Amino acid sequence: GNIFGSSGSVIERWQREISKNNEITITSPEMTRFFIEVNTLVDFIIEIMQTGENGNIYIPLQETIVLADLAKAVVDLYGNSATKQKICGTRVGEKLHEILFTEEEKVVSFLNSNRSQNSPTLSVEEIKAWLME
Numbered sequence: 001g002n003i004f005g006s007s008g009s010v011i012e013r014w015q016r017e018i019s020k021n022n023e024i025t026i027t028s029p030e031m032t033r034f035f036i037e038v039n040t041l042v043d044f045i046i047e048i049m050q051t052g053e054n055g056n057i058y059i060p061l062q063e064t065i066v067l068a069d070l071a072k073a074v075v076d077l078y079g080n081s082a083t084k085q086k087i088c089g090t091r092v093g094e095k096l097h098e099i100l101f102t103e104e105e106k107v108v109s110f111l112n113s114n115r116s117q118n119s120p121t122l123s124v125e126e127i128k129a130w131l132m133e
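UniProt numbering puts the first residue of the sequence shown at 1, with every later residue one more than the last.
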């Protein structure tokens, strides 16, 4: 997954691209990626350090985001009506949809276990709210 606010993230790259040439580069608008907030990840790590058992796989709750929606949210917040979106296509070996674990892996715990990796995607408005935090 990806961490909101981390250095080197697609969000940071798009902000640089907007300020430099008012354009963002998207590999594929249909592509989905998992995202998590730093505070949620830290809480998860602390919880697993306190309660986790050796040998188990623990995966934190993450939100699924469609890149087209993330791009729209970033342009709405940091760009303007003239900001262009350039589609460059997926890179060799890059998957359209991320998976957090395979069928063969036994995942013991999700933080806030009411979600799984098949959870619905966030809306553009929900993404913008995360970006503004």
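We put the CB at the ideal spot given by N, CA and C, even for glycine. Predicted model, so just to flag it, every value in this text is computed and none were measured.
Residue i, buried or exposed, once every other Cβ within 10 Å from all chains shown has been counted against 16
i	result
Leu122	buried
Phe44	buried
Ile11	buried
Ser7	exposed
Beta-carbon separation (whole angstroms), residue i vs residue j, contact threshold 8 Å
i	j	result
Ile3	Val38	6 Å
Ile26	Gln85	6 Å
Leu100	Gly1	7 Å
Straight-line Cα distance separating residue j from residue i
i	j	result
Leu61	Ala82	36 Å
Glu41	Glu47	Per the sequence shown, residue 41 should be read as Leu rather than Glu. Straight-line Cα distance between these residues: approximately 10 Å.
Gly93	Met31	13 Å
residue 162	Leu131	For the chain, the structure presents residues 1 to 133; residue 162 sits outside this window and is missing.
Gly5	Gly55	30 Å
Lys20	Arg91	23 Å
Ala129	Asn22	22 Å
Distance CB(residue i)-CB(residue j) smaller than 8 Å
i	j	result
Gly79	Ser28	no
Leu77	Arg33	no
C-beta neighbour in chain C for residue i, strict 8 Å
i	result
Lys86	The structure shown contains no chain C; it holds only a single protein chain.
Same chain, Cβ closer than 8 Å to residue i, five either side skipped, listed in chain order
i	result
Asp69	Thr121, Leu122, Ser123, Val124, Ile127
Ala71	Trp14, Ile24, Ile26, Pro29, Gln85
Gln50	none
Ser9	Asn2, Ile3
Glu98	Gly1, Thr32, Arg33, Phe34
Own chain, CB closer than 6 Å to residue i, minus 5 neighbours either side, in chain order
i	result
Glu63	Phe35, Leu122
Check: residue i C-beta below 7 Å from any heavy atom of the ligand SAH
i	result
Lys72	As for the ligand SAH, it is missing from this structure, which has no ligand bound.
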